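S.K.:
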Amino acid sequence: MKKYLLLLTLIIPIFLMAEVNDFSFNKEMTIENFSVENGIPTKKVKEYLEIPQNTDIQSKLSDLQINKEQAEKVVKQFKREKNSFMLVVTLVGMFIVFSSLIITGIIINQLTHFQGEKKKTNKKKSHRKSKSVSTQKDEPSSNAIVAAITTVYLHELEVEEQNNLLLTWQRANVSMWKAVNKVNVPNRNFFKAQRSER
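Just so you know, numbering that gives the first Met the number 0 puts 9 at position 10 of the sequence shown, and the rest follows in order with no gaps.
1. According to DSSP, K59 sits in a beta bridge with which residue or residues?
2. Mapping the DSSP letters down to three states, classify S195 as helix, strand or coil.
3. Compare the Cα-Cα distances from Q57 to each of K67, E71, V151, S34 and report the closest residue.
4. Taking only the alpha-carbon atoms, compute the straight-line gap between L153 and F113 and give it to the nearest angstrom.
5. Using three-state DSSP, classify Q109 as helix, strand or coil.
6. Hey, how far is the Cα of V200 from the Cα of L9?
7. Who are the Cβ neighbours of K43 in its own chain at under 7 Å, not counting the five residues just before and after it?
8. For I66, name the three-state secondary structure that DSSP assigns.
9. With a Cβ-Cβ cutoff of 8 Å, do I105 and V73 count as a contact?
10. Determine the burial state of I30: buried for a count of at least 16 other Cβ atoms within 10 Å of its Cβ, exposed for fewer.
11. By Cβ distance below 8 Å, which residues in the same chain neighbour I144 in space, the five residues on each side in sequence not counted?
12. Exposed or buried, F24, counting other C-beta atoms within 10 Å across all chains shown (16 or more means buried)?
13. Flag this pair as yes or no: are the beta carbons of Q69 and L86 separated by less than 8 Å?
14. Is there a C-beta anywhere in chain E that falls below 8 Å from the one on E31?
15. Spatial neighbours of I50 within its chain, please: C-beta separation below 7 Å, excluding the five flanking residues on both sides.
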């Protein structure tokens, strides 16, 4: 199977890259039909045939006095220049994508600086507040003791909850071969039931 896939991946690009010299031409075709049949943009057809760009695309080739040789020249010229068109489109697309990524990176980098400035101002304010707090030499009141104990208890609950959350996100180191014995496998249960009926 792998050999066939490898063979197909080598053969298909060869067929895709093979040039086809056939082109569609009929004197009764319009410019639009000619461009669709041959895969050439109408603007390029007008440019190669030296037709004014304001010409209607529904005009027939016979009305414009275009013969088969001229049409064949158009197709050959487009095929020669097609790779350069594709290269330009690819490069423009890559330029747009990478420039937008660079701009996005710069913006994200600048956002971290804005966040950092806010934190620094908050730290300065908190230092000022801590300087104004005075210590008491008297024993704390019963309300202060209850508040401290409640704070410690709530902190322990929060830490325990955080640890439980971490445990749920981490995968247990269990061998899948051993886990099969613990999990109900529908096929195994079905076959066990059939064997017990016999």
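Every residue gets a Cβ at the ideal spot worked out from N, C-alpha and C, and that includes glycine.
Small disclaimer: the values here were computed from a predicted structure and weren't measured.
M.R.: To lay it out plainly:
1. T29
2. helix
3. S34
4. 33 Å
5. helix
6. Past the boundaries of the shown model lies residue 200; the chain is included only from 0 to 197, so the question cannot be answered.
7. F77
8. Before going on, a small fix: residue 66 reads as Asn here, not Ile. In this structure, N66 counts as coil in the three-state DSSP scheme.
9. no
10. buried
11. none
12. buried
13. no
14. Within the model displayed, chain E is absent; a lone protein chain is all it includes.
15. L63
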